[in-house]
Amino acid sequence: MDSAVGTKKRVMSIQDLGVALYLLFAFVFLIVPMPNTLLDVMLALNMAVAFAILFNTLFINEVLEMSFYPTVLLFTTIFRISLNVSSTKLILSTGDPGNVVRTFGEFVGGNDLIIGTIVYIILIILQFVVINKGSERVSEVTARFTLDAMPGKQMAIDADLNTGAIDDVEAKKRRDKIQQEASFFGSMDGAVKYVKGDSTAGLLITGINVVGGIAMGVLRRGNTFQDALATYTILTIGDGLVSAIPSLLISLATGILVTKGGKEADFGPDLVKQIFGVPKVMYMAGGVILFLGIVTPLNAVIFAIIGALFLVGGRVMQNQIEVQKVETSVQEEEVSAEEIRKPENVVSLLSVDPIELEFGYGIIPLADVNQGGDLLDRVVMIRRQIALEMGTVVPIIRLRDNIQLNPNQYIIKIKGVQVAEGEILFDHYMAMNPGYVEEEITGIDTTEPSFHLPAKWITEGQRERAESMGYTVVDPPSIIATHLTEVIRQHIAELLTRQDTQNLIDNLKESNPSVVEELTPKLLGLGEIQKVLQNLLEEGVSIRDLLTIFETLADYAATTRDTDVLTEYVRQSLKRAISARYFEPGETTQIVTLDPKIEQEIMGSVKQTEQGAYLTLDPERTRAIISATEEELKKLDDLGRNEIVVTSPIVRIYFKKLTEDYFDELVVISYHEIENDVELQSIGMITA
């Protein structure tokens, strides 16, 4: 076989070849002598590349469009240095480095040693002291601030994702962009040193060339000192200028790129608009220039023309702004009219959010990040907490304000139907007596919305005193977050959809494909697995250990497809987790048991159908059993214990169904779901 299956071959393109040759020539020029004609071509190419880079930095919309810029700096720097070395060889060996170097020395430098030297020094000072120094500092600060801003940007993305403003794809795209920006500005912080080092190297090479050229002219060619100084210095200045100008362009491009920052904008139009876009500024600038031209001895014609141009430009800009205002107004009216004429999109109204938190306008500051609110962050933490605790992903929680509610009121909806509500007092705290505080604190009487406990609203000034007295004090965002968490826990079973179940299956399949392939679709369908998981979640059993759940289902699904029976088998496999949830190790737990006669009576009334099993117990017997259960559970309540009833395995599910409409907090556990080291004490038996 020629290659591994699935291996994608990398075909070299023309662009790849061009980059490779660009680097190869740079190293060849360092070693192999270059003809002066080829040197002219390479110097012209070097200048063209520098202009291309400069214009690219001007017209890109955002810096990540040139994400390879640090690498480009390295490539151009090594190429420019190689040309410096080649030109140095020609200057010292032949005295004829070609047309480009000689032209820059004679024409740009005025064919004068002093003028050329001064021009070259000015360029070096401009590049090294002004542009490079500023670019280096801006790069350092930008990299630092970009890294510092990353956590805040990540939290903003999580908040937008949590509220439904963006989807998972958009969130991933934004996170990738943040990572790319951090990597880019971090690389730029170091890459700017290439430009600074290039300037220093150019200055040193020029100095060495001057000394070396004079030595070659005097010692090898027999020139006088004045002739050697004039000839070789002009050529060296030309060589320095032909290298310094592209280097200056690259430095300028670097400065533009790092000062542009991460803003998405078209540089040219925005720059012109920001400088000349305000008519008032144009009028004032034009008036000042006209005044200087008239009153002072300055050239009146030049200053009058420039001042008039500014005044005319201000008038033109003012007319454009007025026209733009009219066009914007007309467009807004057309859009409004189009919206009125457009038939309503009924399909968009059919979708129902799984979870909604609506609140009055008084609670908006708690959800507004700009006002210091952290409710969005708390909602993100709720989803993470439920995922860790119950092993399932909570759907996106939609947060929205509702002007129809009281200012401090909030409601929680599940699938579009209100299931809970509450009311808070902004700038107040809720103080709850844990049961052992005897001293009463003054405040506004209220009820804690999650567990319906008596509480009081207190002010900020009372908070420290209430905490010192032993009260549990919570702020309004914590109250809403706790209430929302409890509502989600109560309805987590119905929030688990078939798609959620499929996602859990796919996730497990990545690490344990064999058990998934054995179970579904051969033994159980997607809906049946969903029903088992919902049964577990409904009674507060975590499905995070999905591997154990699936292995148990694979063991017993061959003999029965009754989801209630399969749920019982799974619960027995998860007995360690169930025991840890309700029983403390090393402590004796008081419980209530079920009379074996009632167990037999319940099992005798179970009817099996194709749709599942149901109870046919006589209504009077049902009332008697419920009454007896209530009487025994009161004993646990009086002791401050959890309401736990222990039954035999086969009866557990049916007794739970019998009592679930009467006792919200009742926990029904079978003997097979309890670890052997758990100590139980029965304080009563349900007998009717």
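The sequence shown begins at 44 in the numbering used here and counts up by one. Beta carbons: idealized from backbone N, C-alpha and C, even for Gly.
Please tell me whether L419 and F469 are closer than 9 Å, where the distance is taken between their beta carbons. Counted from its first residue, the sequence shown places residue 419 at position 376. Counted from its first residue, the sequence shown places residue 469 at position 426. No, they are not a contact pair.
From the DSSP secondary-structure annotation, give me the bridge partner or partners of L637. The sequence position of residue 637 within the sequence shown is 594, counting from 1. Paired residue(s): I729.
Given that a residue counts as buried once 16 or more other Cβ atoms are within 10 Å of its Cβ, and exposed if not, what is I668? Locating residue 668 in the sequence shown gives position 625, counting from the first residue. Burial call: buried.
Cut-off 6 Å between Cβ atoms - residues of its own chain near T595, not counting five sequence neighbours on either side: Taking the sequence shown and counting its residues from 1, the one referred to as residue 595 is at position 552. Closer than 6 Å at the Cβ level, and outside the excluded window around T595, lie Y612, V613, S616.
Mapping the DSSP letters down to three states, classify G250 as helix, strand or coil. One-based indexing of the sequence shown puts residue 250 at position 207. Residue state, collapsed to three classes: helix.
Look at the alpha carbon of G598 and the alpha carbon of M424, and state the distance between them as a whole number of angstroms. One-based indexing of the sequence shown puts residue 598 at position 555. One-based indexing of the sequence shown puts residue 424 at position 381. At residue 598 the sequence reads Asp, which differs from the Gly that was named. Computed Cα separation, rounded: 36 Å.
Segment limits, beta strand (DSSP E) that includes V422: Reading the sequence shown from its first residue, position 379 is the one you call residue 422. Counting along the chain, V422 falls outside any beta strand (DSSP E), though it belongs to the alpha helix (DSSP H) covering 418-433.
Expressed to the nearest angstrom, what Euclidean distance is found between the alpha-carbon atoms of L292 and N546? Here residue 292 refers to the residue found at position 249 when the sequence shown is read from its first residue. Here residue 546 refers to the residue found at position 503 when the sequence shown is read from its first residue. Cα-Cα distance, rounded: 54 Å.
Beta-carbon contacts of E466 that lie in its chain and below 6 Å, excluding the five residues immediately before and after: By 1-based counting over the sequence shown, the position of residue 466 is 423. Closer than 6 Å at the Cβ level, and outside the excluded window around E466, lie N451, Q452.
With Q533 as the anchor, note down where its alpha helix (DSSP H) starts and where it stops. Translated into positions along the sequence shown, residue 533 becomes position 490. It spans 519-538 - the alpha helix (DSSP H) in which Q533 sits, taken as one unbroken run.
Span of the beta strand (DSSP E) holding S713? Looking up residue 713 in the sequence shown gives position 670. S713 -> beta strand (DSSP E) spans 710-713.
Proximity to R684 [Cα-Cα], best of R695, S725, P662: Start at 1 with the first residue of the sequence shown, and residue 684 comes out as number 641. Measuring from the Cα of R684, the nearest candidate turns out to be S725.
Three-state secondary structure (DSSP) of Q222: Taking the first residue of the sequence shown as position 1, residue 222 is located at position 179. Q222: helix per DSSP, three-state reduction.
Output yes or no for whether 9 Å exceeds the beta carbon distance between E464 and I454. Against the sequence shown, residue 464 aligns to sequence position 421. Against the sequence shown, residue 454 aligns to sequence position 411. It is a contact, given that the beta carbons lie within the stated cut-off.
May I ask you to report which of helix, strand or coil DSSP gives T702? Position 659 of the sequence shown holds residue 702. Correct three-state label for T702: helix.
So the beta strand (DSSP E) Y735 belongs to, where does it begin and stop? Past the boundaries of the shown model lies residue 735; the chain is included only from 44 to 731, so the question cannot be answered.
G465 - DSSP class collapsed to helix/strand/coil: Residue 465 sits at position 422 when you count from the first residue of the sequence shown. Strand at G465.
Using 9 Å as the limit for Cβ to Cβ distance, is G405 near chain D? Included in the structure is just one protein chain, with no chain D present.
Using the Cα positions of T632 and V689, report the straight-line distance between them to the nearest angstrom. In the sequence shown, counting from the first residue as 1, residue 632 sits at position 589. In the sequence shown, counting from the first residue as 1, residue 689 sits at position 646. Roughly 12 Å between the two C-alpha positions.
Report the residue from R506, P520, S521 whose alpha carbon sits nearest the alpha carbon of Y514. The residue given as residue 514 occupies position 471 in the sequence shown. Out of R506, P520, S521, R506 has the C-alpha closest to the C-alpha of Y514.
Hey, V331 and G357: beta-carbon distance below 9 Å or not? As a first step, residue 331 must be located in the sequence shown, where it is residue number 288. As a first step, residue 357 must be located in the sequence shown, where it is residue number 314. It is not a contact, given that the beta carbons lie outside the stated cut-off.
What did DSSP end up calling Q447 once you bin it into helix, strand or coil? Locating residue 447 in the sequence shown gives position 404, where the first residue counts as 1. Of the three classes helix, strand and coil, the one that applies to Q447 here is coil, per DSSP.
Taking only the alpha-carbon atoms, compute the straight-line gap between K574 and L589 and give it to the nearest angstrom. Within the sequence shown, residue 574 is the residue found at index 531, counting from 1. Within the sequence shown, residue 589 is the residue found at index 546, counting from 1. Going from the Cα of K574 to the Cα of L589 covers about 14 Å.
Just curious, the alpha helix (DSSP H) that F94 is in, first and last residue? As a working note, residue 94 is residue 51 in the sequence shown. Segment 79-102, the alpha helix (DSSP H) holding F94.
For P492 and P397, I'd like the C-alpha separation in whole angstroms. For this step, residue 492 is matched to residue 449 along the sequence shown. For this step, residue 397 is matched to residue 354 along the sequence shown. One C-alpha to the other measures close to 21 Å.
For the alpha helix (DSSP H) containing Q542, list its first residue and its last residue. Along the sequence shown, read from residue 1 onward, the residue named residue 542 stands at position 499. Looking at the DSSP string, the run of the alpha helix (DSSP H) that includes Q542 is 541-554.
Give a yes or no on whether the C-beta atoms belonging to T279 and I134 are separated by under 9 Å. Your numbering for residue 279 matches position 236 in the sequence shown. Your numbering for residue 134 matches position 91 in the sequence shown. In this structure, I134 lies closer than 9 Å to T279 by Cβ.
Would DSSP call E399 helix, strand or coil? One-based indexing of the sequence shown puts residue 399 at position 356. The answer is strand: DSSP assigns E399 an E or B state.
Taking DSSP as the reference, what is the three-state secondary structure of A656? Within the sequence shown, numbered from 1, the residue matching residue 656 stands at position 613. In the structure shown, A656 sits in a strand (DSSP, three-state: E or B).
Contact between the region 479-499 and the region 427-436 is defined here as three or more beta-carbon pairs at a separation below 8 Å; is this criterion met? no
Between N476 and the rest of its own chain, which residues show a CB-CB distance below 7 Å, the 5 nearest in sequence each way excluded? Here residue 476 corresponds to residue number 433 of the sequence shown, with the count starting at 1. Only Y514 meet the Cβ criterion.
Same chain only: Cβ atoms within 7 Å of V92, ignoring 5 sequence neighbours per side: In the sequence shown, residue 92 corresponds to position 49, counting from 1. For V92, where only same-chain residues beyond five positions count, the Cβ hits under 7 Å are T119.
Can you say whether A287 is buried or exposed, counting buried as having 16 or more other CB atoms within 10 angstroms of its CB? Numbered from its first residue, the sequence shown carries residue 287 at position 244. A287 comes out buried.
Classify K499 as buried or exposed, calling it buried when 16 or more other Cβ atoms lie within 10 Å of its own Cβ. As a working mapping, residue 499 is identified with position 456 in the sequence shown. Burial call: buried.
Cα-Cα separation, I717 to T659: One-based indexing of the sequence shown puts residue 717 at position 674. One-based indexing of the sequence shown puts residue 659 at position 616. One C-alpha to the other measures close to 29 Å.
Mark T371 as exposed unless 16 or more other C-beta atoms lie within 10 angstroms of its C-beta, in which case mark it buried. As a first step, residue 371 is located in the sequence shown; it is residue number 328 there, counting from the start. Exposed, since its Cβ has fewer than 16 Cβ neighbours within 10 Å.
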